[in-house]
Each structure stands twice: as structure tokens, then as C-alpha cells.
Amino acid sequence: MSAFHKLIARVRTALERPVESAPPHHEAGGMAPPHAEAARRAELASAFAREFAAVRGEFLGIHAPEEIPAKVVELARSLNALAVAVGAGVTLDFEPIGRALEAARMAVVRTNAKKRDDAPPLRERIAQADLGVVEADAAIASTGTLAVVGTPASPASLTLTPPANLIIFHADRVHADLAAAIAALGPEPFVKNRVAMITGPSRTADIEKMIVLGVHGPRRLFAIAAWPR
Amino acid sequence: MSAGPSSSGFLESSRRGVADADLRRKLENATGRHLEHVAATRAEFPAFDSERDAARRIKEDAIGRLDELLVELKNKLEANGATVFVAADAGEARDYIVNVVKRAGAKQVVKGKSMTTEEIELNPALERAGVEVVETDLGEYIVQLRGERPSHIITPAIHLSKEDIGRLFADKLGIPYTAEPETLTDAARKRLREIFLSAGVGVTGVNFAIAETGTLALIENEGNGRLSSTLPDTFIAVMGIEKVIPKLSDLPHFLEILARTGTGQKLTTYVNFISGPRGRHDADGPRAMHVVILDNGRSAMLADPVLREALYCLRCGACLNVCPVYRRIGGHAYNSTYPGPIGSIVSPNLFGSAAAELPFASTLCGACRDICPVRIDIPRILLHLRWRESVAQPAIKWPKAAVKARASVVRFARMARFPRTLRLLTRLAAPVLRPFARDGYMRRMPGVAGNWTRWGRDFPALRARRKTRQKPAEHS
Amino acid sequence: MTEVRLFATCLAEEFFPSVIEAAKTVLERLKLKVRPVRASFCCAQAPFNEGLREPALDLARKFLRACEPGAPIVIPSGSCTSMVRIFYSDLLANEPKLAERAAALRPWIYEFSQFLVDVMKVKYVGARFDRTVAYHPACHLTRELRVIDQPRALLAAVEGIRVVDFRNPEECCGFGGVFSVKLPHISAAMAEDKIQRIQESGASTIVANDCGCLMQLGGALHRRGIPIETWHLAEVLAAR
Ligand code: SF4
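Chains as they are written, first to last, in this note's numbering: chain A, 51 to 279; chain B, 46 to 521; chain C, 82 to 321.
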């Protein structure tokens, strides 16, 4: 976490520096200058991380896409995972993640692989996995929420049945609040697919209003922000 | 007091509630904790009130053109591949669901938390049809194991301590006794996970139904609603007609206020959106999806201009927690699926005379209206119902005390029309009664006022000057 | 000298005459001429809250005849003030003539503390009260009239007073009019819990602006022999 905050501080300071040459001209009411856009993005990602931690999510930092497979392996190892279910990316290619896990001698449940005739149905294999990995379509800064669209290549079970869940999101896709996220997603995924907005690990307060994590859904929820170099 | 039993039994059951010191302590703790969380999350969200107003306006609009929206919802859901059934009453809804379950050949049904299915008494109907029903929300599971009904619409087991639940699990699940919430939750998780993977039908309620897209939004923290609507081959959602909202973009306004008042969270862990059964290539999700849209007295509420507002209710449960009556008697005392302030409005309209006493179970203190995320004027509606009862004079068996009290108010109102006579009477009566008083208070009173003095309170003597009035200084 | 009308309210008149005297004293100290509203006895809240519209209508009619716009009408009760200011519009919905009269009267109706602070612009009224006080914010006063700061400001300005906080002060005392005898067990339980929280605060005196609350809390305290006294705000402000 603190490494992440340091990064954000660095990004901000870097962006505050005066620009040497005259900025390229832009029309009034046009797009914000690129550095302001980047600063906003960093701000949103930082707010997301704070809220995500507040709901007991575990934020694993901002990483370049090519670093992510190693991060996933590291996480899976720390969980002593034997099998990891990997969905398909939205903006990212998830294939390297699967390969890295296999290289690390873990069984990988691939959602896009052709099913062998004798294999149990995919959703049962996902339920047996120790970790599910997906990419979110959107993240929400004000609540620490991840919006995940269930598709054939990334079924809803991935974020539901394994005891731990890693959701990767692209730093470009962090929205300020619920309204902005829903507007950005548009109605289509809601009509065509199953969308889940996930805010922290599964929890209950049904016994004396005391919070217990991991009732039916995952007990641990991790997130990584992908930020292309 | 020799009050005969009433139609609803509220008098008796509320007396049991008040007498149960243990229950009152549990309620005070749990509701107190909830109110603290709510206050904290609200304080850090300055837009709370403007979101409330926005949400309220959307409800006003939606309920105002419910017909249109229900048509749109049904069309869209059907276009998405869901089967829609509109049930006029509880019986129709039950029959339909039992049929669907039978046709699916399911022996087991898993249920997400749903007050609407409690309202239609679905579980006994399914059990009569030979189907095992398993509640999967932890609180619902607990009360099901106890053979009780939920005592709160959000926290079904609010009336139980962790020790109570520990004993229950030791008894029913055969695990060693523990009062550790983690261990207890884990035991339930293991037991329920197996059932989730084998059950043929999942049933849940609905928080919002978006007409524009034909999408149901299910809001929860545990994940049981997601599991119930994802793993079984057949999924049945049951919703009241009032759950429909026009557009997807309306939803954020509700999400911003619902958890903040319901549980004191910014947002619940899961907001699940389901628009239809699984697609051809999907690996999970139900193969068949049914949406039961239930009226059961709601359209009659809609027709009453004062009552209509009650249909804006989001079932967040906050008005129960803040209600000084609920906090003293607990949910079971209401003998209804819907307890507390909103329950006192909804129940008489859904369940008729059996709940006719409930609108009177309030001091009209207004705490419910203040906490309500959509600002439902609960006291005003309660007054309206009180008036309606008095006009309609239905065949309700009121408790004797209530009848007497009511008659004495009529008598008082009649006399109060003549202030001079009334003043003369009390001036004459005061000295006669004075010898019976002690420091200006009566220990025992006749008639209706006897209900006052029988229940732990002395009654102020007529026109008495309590001696303390003359010495303001601290005795110290 | 400006004139104000003082509406005694049925509870104060019959059970707490000293409240009316105190209110009069305080108003007179502010150089106001106080004239009682004698031709009405009750604002109609008791029958109205019981759902008895016709009897309520009779009493409201009586009240509206007894008062006229032009001079402030001060009521030492948040509840009765709410009845006239707020609930009359529901009660008189089908009585256009009366409703019109009520609407004309509405701006002249004030709860006691509201009148002192908002109209007279005073906080200090020359009172002295050497006690530790818990202020009970009555429900209708707080949530119907939104009179929240005025009584506290008046109390804070009293010499010698110490006002203490207690847990969950805004929860209802359990009076609720007819509720207190129709569902007496619930009513009493509410008072019991409230008293317990006030006891924890170390207060020797409970102050409220509503005789219903005073009757409820005072009655429960007296039955238990707890030496905490109940005072109306007007009585505190009249004390020296
Ligand atoms: S009436 Fe308001 S506070 Fe009560 S449950 Fe409904 S939405 Fe929540």
C-alpha cells in the first residue's frame, strides 16, 4: 500500500512540474490536457485503493500488464493454491497469466479451453479452484467497487465460488462514482450478460451485527490495477 | 388487566416482548450499533439528502405510472428470455411457483433472502408439495432451523445472541458448541455450499426491476442471492409490483442511499444484475428464469392517495431499528412478515383485520420518517389508517383496553367542547381527590387511567402543585 | 405593551398549572401583556391521534374560534403547537372555511421556546437554576416543528445550570397520548429505558417543553422513587 501511495505522490509531483515548451494548442471546451487526465486517473485509482481497503479488500498495487502474470503467481503461491481458475481479459490478454501459473506448477482452469468429454462441467471445476481471476469492466472510486460482466469466457462463478478472488482492472476504467460507472458501461452488458458489482469480500452481520467475512462468496478479495507503461 | 385476546394477538405478543429483558438488551445492542453505523456513513456523504430527494422523485414518478412501467418491464424481460407471471394474490403466486418447481423435477429449492416470499408463505406451500426448502441467507437459515419467522426484514435473527445460535447449531448441525461468529458462519457455509451445488431451483426476491432494460437488481452482502440465481438450473425471482424503476440511470440514486441507511455501508458487497437466463455459450446461470410480479393488496394501496407513498419503501429496515416501539418488543410481536413502522402500515393492507391494531402501535414520534431514505411520512399514514379503521368499523375484535381507551377519548372530546364546565368540574374534583395523592401523584387510578398506574407510572394529581416547584436549588 | 395570547393546553391546565404560571411570568418579564385563550380547552390532538376525526374536528373548530390572527399565540407544548401548525391541514382537508381560518392563524402560532428565541430574540431571561439538567427533546418539537436549538440556547443562558448529555436523547419517552394507556406496557418500557439513560448522566433534573413527556417521565420516576425531578422549560426559565 505505502509503495502505491509513494507512486501516486511521485506521479502527482511529476505532473505538477511546469511544462517547458508551450502546450499544444487546444480548443476551448476541448479535451483536458493529457497530463491533467493522467492526474485524474491517478487520483481515482488512489481513491479506489483507499475505499477498497476500507471494505477489507486487499489491493496489490498498480502494475504494468507484463508484470501482472508474475504478481498472480506470487498471490497464488501465498494462498497455497493448487488450482486457479482464469477467465478472459477485457482489455488485457490473460493467456500469459495462465501460462505463468502452469509454469509455476499450478493447475489452471481455463474458461475458454475446449472441454474434454470426460471433464466435469466448467462451473464445477471453477468451484473446486482455490482462486478465481477475472478482469473488471469498471471500477468505482467512491465505493471501492468492481463491476464484473459475466460472459461465456468469464463466467459469474469465477467471482463467486472459489474461496479467493483476484479482480484486475485497467486504470483507465476507474470511475468517480456509481452513476459514472453505470453510464460508462451503458445498458448493453446489463441486458446481454450478468453484471455483478462487487464491493469487498462476501460478508454477513447476521450474528449480533458483527461482521464475518466469507459467508457464501469469497472470503478474500484482491485487486490489481493495470497501468500500461 | 383483564383484556380479552384480540384478533391479531398483538397485545399479548407485545407484552411478552416487553417482559423479555434479554430480548430487549439484544435489540438495544444490535439496533444501536446499526444506528451508529448509519450516522457515521451519512456524515461522510454530503450528497446524502440530495440523493434521497432524487430517489424519492424517481419513486413518485415510477409509482405514478406503474402501469406503463410494468408493461415495459414485462416486455423487456420476455425479450431477454425470462418468463413473467403476474400474480394477483399470494395464492396465485404460490401455485405458480410450486408448479414451476414440480415441472423442473426439483427436490430441493435454495432461497436467497426475500421478504416477499415470506409474505406469500411460500415455504410451507413447497414443503406440502414434497420439496425441501433451504434458506441460505445466514440469518434466514438460523430462523429456519429454529422454526421461526424472521424478526427483522434485514437482520432476521436480530432477536438471537451468538450463544443462542451456538446452541442451535450444536443441536441441529451437530457441531461442537461455540459462540464464535466465524466458526458458526463457516459451519453454515459448508452445509449450504453442498446444497447450492445440488439444488434444482433457486428463489430470490428483487430490490429493483429496471423497466428500460428488463433487468433485476439484487442487493446483498453474503453472496447467497448470487449463488441462488447462478447455480440452479431454474431461477425464480419474486417481486412486488412496486419494485419497478424506469431507467438504469435511476439506480445509482437508490444505491447511494440504500446501504447507507440499511446497513450503514456505502454499498453492499454485491449488486447483482440479472436480465434473463444464461446464453447458449454461458457456463453458468439458470437455464430458465421466471419472474413473479405480485400484487397482493398493493394496487389497493396505490389507489389510496395517502397510502400510495408506502409503496416507495425500499425495505431497508432502518425504520425498525430506530423505532422505540420495535426496540422494546421485537419483530415477532407484530405477528406479521413486516414488523416495525412500515410493517404497521403494510401489514393491515396486505393481511387485513389480523393486523388492524398495528397502526396504533406507535407514539407518532416521527423517528421513522426522519431516517427513511425516501422520506416516507410514516406517522401521517399511520394516522390515516387509524382514521380509516374508525370509519370503516370493520369486524375486528379489539382488545378491551383499546375499546375503553377509545371511548374515553370520545368522552373527553365531548366535554372539552365546553371548557368552562370542564374547568369547573376539575376545580371541584381536585380537592376531593387530593387526600389520595402523595407529593402530587396518585399511585392508583380507576378506569382507563388505571392502565397508566398499573404499568409502572404514578399519575399526576389534578391541579396539583408538586412541592419541588418551590425549591429550585440543588439539594447538595 | 404588546399583547400575546397564551394557550394553556389541557394537560398543563389540569395537571401542571405551575407551567402556565411560569410561562406567563417569563413572558411578562419580557414586558409582554399575556392574555389566556380561555374559550378553548384542547387543540384536538387526543382525538385526532386516535383516528377520531369528528370529535377532533369539533375541538379544532372550537380552538379556531377562540383565537384570531393579529397577536402571537404561545403554546408551551411542541405537540399541541404541531397539531395546530401542521396537522390541522390534514384534519381540515374537507372543511375549506375552517382550513382557511387555520391557514390565516398558522403564522401566529408559536411554541414557547420558539417564540422567545425566534420572535423575541432573547436567550437570557434572567433565570437562575443551580442544577444538573438533562434536556429531553420532545418528539413533535424536534421532528415536526424542527425546534432543536432554541430550548438548548435558552437553557445554556440560565445562570448556575449545568446541562449534561445522555445516550440517545432523541428517542421518544413513550407517552404518545392515548398510546400510553392503550399499550401501557410498551409505553412504560420506553420510559424505563429513557430514565435509565438519564440516570447514567448524573442529572438531577429532566427538562422538557411538553407536559406529556413530563407526566410520563415524572410518573415513572416517582413510582420508582428515583430522586430526579421533571421540570418544564418555562418553569426553569421562571426560576431565580
Ligand atoms: S419505510 Fe423507509 S425506512 Fe422503513 S424500510 Fe421502507 S425505506 Fe426503509
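Just so it is clear, CB atoms sit at the ideal spot from N, CA and C, and this is done for glycine as well.
Taking all protein chains shown into account, decide if residue i is buried (16 or more other Cβ within 10 angstroms of its Cβ) or exposed.
i                     : result
residue 99 (chain C)  : buried
residue 375 (chain B) : buried
residue 380 (chain B) : buried
residue 87 (chain C)  : buried
residue 80 (chain A)  : With a pLDDT of 46 at residue 80 (chain A), under the threshold of 50, the predicted position of this residue should be treated as unreliable, though the coordinate-derived value follows. Result: exposed.
residue 163 (chain B) : buried
residue 271 (chain A) : buried
residue 219 (chain C) : buried
residue 345 (chain B) : exposed
residue 424 (chain B) : buried
residue 182 (chain B) : buried
residue 240 (chain C) : exposed
residue 241 (chain A) : buried
residue 307 (chain C) : exposed
residue 146 (chain C) : exposed
residue 84 (chain C)  : exposed
residue 148 (chain A) : buried
residue 293 (chain B) : buried
residue 64 (chain B)  : exposed
residue 316 (chain C) : buried
residue 275 (chain A) : buried
residue 124 (chain A) : exposed
residue 199 (chain A) : buried
residue 63 (chain A)  : Its pLDDT being 48, under 50, residue 63 (chain A) is placed unreliably in this model, and the coordinates cannot settle the point.
residue 286 (chain C) : buried
residue 71 (chain B)  : buried
residue 74 (chain A)  : Because residue 74 (chain A) carries a pLDDT of 41, less than 50, the predicted location of this residue cannot be relied on, and the following value inherits that uncertainty. Classification of residue 74 (chain A): exposed, given that the 10 Å Cβ count is below 16.
residue 241 (chain B) : buried
Taking 9 Å as the cut-off, decide whether the C-beta atoms of residue i and residue j are in contact.
i                     : j                     : result
residue 457 (chain B) : residue 320 (chain C) : no
residue 263 (chain B) : residue 255 (chain B) : no
residue 129 (chain B) : residue 156 (chain B) : no
residue 100 (chain B) : residue 298 (chain B) : yes
residue 287 (chain B) : residue 122 (chain B) : no
residue 266 (chain B) : residue 79 (chain B)  : no
residue 301 (chain C) : residue 267 (chain C) : no
residue 207 (chain B) : residue 225 (chain B) : yes
residue 247 (chain C) : residue 464 (chain B) : no
residue 315 (chain B) : residue 270 (chain B) : yes
residue 107 (chain C) : residue 295 (chain C) : no
residue 214 (chain A) : residue 181 (chain A) : yes
residue 209 (chain A) : residue 184 (chain A) : yes
residue 227 (chain B) : residue 377 (chain B) : no
residue 387 (chain B) : residue 360 (chain B) : yes
residue 328 (chain B) : residue 55 (chain B)  : no
residue 115 (chain B) : residue 289 (chain B) : yes
residue 313 (chain B) : residue 195 (chain B) : no
residue 343 (chain B) : residue 285 (chain B) : yes
residue 124 (chain B) : residue 279 (chain B) : no
residue 254 (chain C) : residue 272 (chain C) : yes
At least 3 beta-carbon pairs within less than 8 Å: the region 206-226 of chain C vs the region 174-186 of chain C: Contact between the region 206-226 of chain C and the region 174-186 of chain C is absent, because fewer than three Cβ pairs lie under 8 Å.
What runs of the alpha helix (DSSP H), each 4 residues or longer, lie entirely inside the region 185-224 of chain B? As far as the region 185-224 of chain B is concerned, its whole alpha helix (DSSP H) runs of at least 4 residues are 207-217.
Only counting runs of 4 or more residues, tell me where the alpha helix (DSSP H) segments fall wholly within the region 192-266 of chain A, in order along the chain. Runs of the alpha helix (DSSP H) spanning 4 or more residues and lying entirely within the region 192-266 of chain A occur at 228-235, 238-242, in chain order.
Is the region 133-143 of chain C in contact with the region 101-119 of chain C, if contact means three or more CB pairs nearer than 8 Å? The region 133-143 of chain C vs the region 101-119 of chain C: no contact.
Measuring CB atoms only, is the region 158-167 of chain C touching the region 220-235 of chain C, in the sense that at least three cross pairs come out at less than 8 Å? Yes: the two stretches touch, three or more of their Cβ pairs being nearer than 8 Å.
Would you be able to state if there are at least three C-beta pairs under 8 Å between the region 132-141 of chain A and the region 161-181 of chain A? Contact holds: three or more Cβ-Cβ distances are below 8 Å.
What residue ranges within the region 331-418 of chain B form continuous alpha helix (DSSP H) runs of no fewer than 4 residues, ordered along the chain? Secondary structure remark: continuous alpha helix (DSSP H) runs of at least 4 residues inside the region 331-418 of chain B, in chain order: 343-348, 363-367, 371-374, 385-396, 412-416.
Would the region 214-222 of chain B and the region 186-199 of chain A be scored as touching if the rule is three or more Cβ pairs under 8 Å? Judged by Cβ distances under 8 Å, the region 214-222 of chain B makes no contact with the region 186-199 of chain A, as fewer than three pairs qualify.
Using 8 Å as the Cβ pair cut-off and three pairs as the minimum, do the region 241-255 of chain A and the region 88-96 of chain A touch? Flag = no, the region 241-255 of chain A and the region 88-96 of chain A do not touch.
Can we say the region 426-435 of chain B touches the region 347-355 of chain B, given the rule of at least three CB pairs closer than 8 Å? Verdict: yes, contact present.
Stretch-stretch touch, CB-based, cutoff 8 Å, three pairs: the region 147-154 of chain C with the region 478-491 of chain B: Contact fails: fewer than three Cβ-Cβ distances are below 8 Å.
Return the chain-ordered ranges of every beta strand (DSSP E) run that is complete within the region 103-158 of chain C and spans a minimum of 3 residues. With a minimum length of 3 residues, the continuous beta strand (DSSP E) runs that stay inside the region 103-158 of chain C are 113-117, 154-156.
Three Cβ pairs or more, each shorter than 8 Å: is that satisfied between the region 387-402 of chain B and the region 321-339 of chain B? Taking one beta carbon from each stretch, the region 387-402 of chain B and the region 321-339 of chain B have fewer than 3 pairs nearer than 8 Å; the two do not touch.
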